[in-house]
Every structure is written in C-alpha cells, then in structure tokens.
Amino acid sequence: MKVLLVLSVALVAVFARPPGPPYRARKGVYLAGYAGGKRHGFPALKPALDACNKNKDCAGVTFERVHKGKDKFTLRKGKTFKKSPTNEVSWLKLKPRGPPYRHGKGVYLAGYAYLAGYAGGKRHGFPALKPALDACNKTKDCGGVTYERVHKGKDKFTLRKGKTFKKSPTNEMSWVKA
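Numbering (this note's numbering), first residue to last: -18 to 159.
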C-alpha cells in the first residue's frame, strides 16, 4: 500500500504544472547539493516550488523517493541533472527569455526577474503593461518595467532604472529595453 501511495504521489508530481517560472521535469535524475547548504524538505511539490522561487540559492527541487519522512521534496542548488541511483525525480528552474516584445519605438526582452531602482528616483506604478511601457518610452532614465506581484495596489507595473535582470525573491516579471 505504501509503495502504491509513493508511486501515486510521484506520478502526480511529475505531471503537475508548477507555478511561477517554468521548470524542466525529468525522471531518474537528481540535482546536487541542498540550497543554502542544509536540507529543506516539503511534503508536496507546490510548496517546495513556492519555496524555491523565494530562495536565491535554489536552482530546483528533487523528489527523494527513499527518504523515510513525508518531506520528500527538497530544495537543491545544483543546476545540472545527474543520474540517480534511486530513480529520483527533479525539476530544474529555467530562466525564461521569451521572444522580444515590441511596443512603440521600444523593443523589450522579458524575464522572471526584477530591474533595480525606480526610474526618476521614486515609484511610478501602472495598472497594466501597455501604459507602463508607454510611460517608459517617454522617461529618459527608464530601463524597463517590473511587475511587482506582491504589491497590494492595482498599480503593479513599475518604471525601473536598471537594465540588468536580477533574480527576484518574489517571482517578479520584467521587461527591459533591448
């Protein structure tokens, strides 16, 4: 019965669609090393991926089939799949860069990250991407737009000064001028 339960959990985990940035799932592999140097285990895939998205040292999640506890989904720092002797399953976080997004005179590249600093030295937020990009095209020191997922208001799209993607602890999305 326990074997059936473990197999069911593993199959659900393999085919689950994780939130946030895309992950590449693969059977029979593990990701080396624990994120932060210490084992952090979770009973299910979703909370493990949520924690990985918030942990700057986390490159993915490995399902440890042979671990005796319920916390079989662990945060990992390794960035390459390694063959598993125990047929583990792993999810590697990908850095998406979609096709360029054209808007007005600007061409923007998107990524799951944030851009440092506010354009003009203070926060200018917009309720949608299009008006934020319009304003960015008219603002001299605007390097792009960041979508602040955790901001409480409706003006989540902010004008940013930075032009380099930085890893976001809150899974923000940004568009930088190309």
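Glycine included, C-beta positions come from ideal geometry on N, C-alpha and C.
With 16 other Cβ atoms within 10 Å as the buried cut-off, status of residue i
| i | result |
| --- | --- |
| S(-11) | Note that S(-11) has pLDDT 40, beneath the 50 cutoff, so the model's placement of it is unreliable and no number is given. |
| T139 | buried |
| T67 | exposed |
| G101 | exposed |
| A97 | exposed |
| A13 | exposed |
| G143 | buried |
| R141 | buried |
N- and C-terminal bounds of the alpha helix (DSSP H) containing residue i
| i | result |
| --- | --- |
| K119 | 110 to 119 |
| A29 | 26 to 35 |
Contact check, residue i vs residue j, beta carbons under 8 Å
| i | j | result |
| --- | --- | --- |
| Y11 | T61 | no |
| A116 | S155 | no |
| R130 | T151 | yes |
| G22 | S65 | no |
| Y99 | T55 | no |
Candidates the options: closest to residue i by CA position
| i | options | result |
| --- | --- | --- |
| L30 | G50, K49, G124, L75 | L75 |
| A40 | G17, P24, H48 | G17 |
| G106 | Y128, A91, K121, K119 | Y128 |
| K135 | K49, L73, L110, A97 | L110 |
| H132 | G14, R104, S65 | R104 |
Presumed contact (8 Å Cβ cut-off) between residue i and residue j, rounded CB distance
| i | j | result |
| --- | --- | --- |
| K51 | P24 | 5 Å |
| E45 | K53 | 5 Å |
| S71 | R20 | Not really, about 15 Å apart at Cβ, beyond 8 Å. |
Start and end residues, beta strand (DSSP E) containing residue i
| i | result |
| --- | --- |
| V157 | 154 to 158 |
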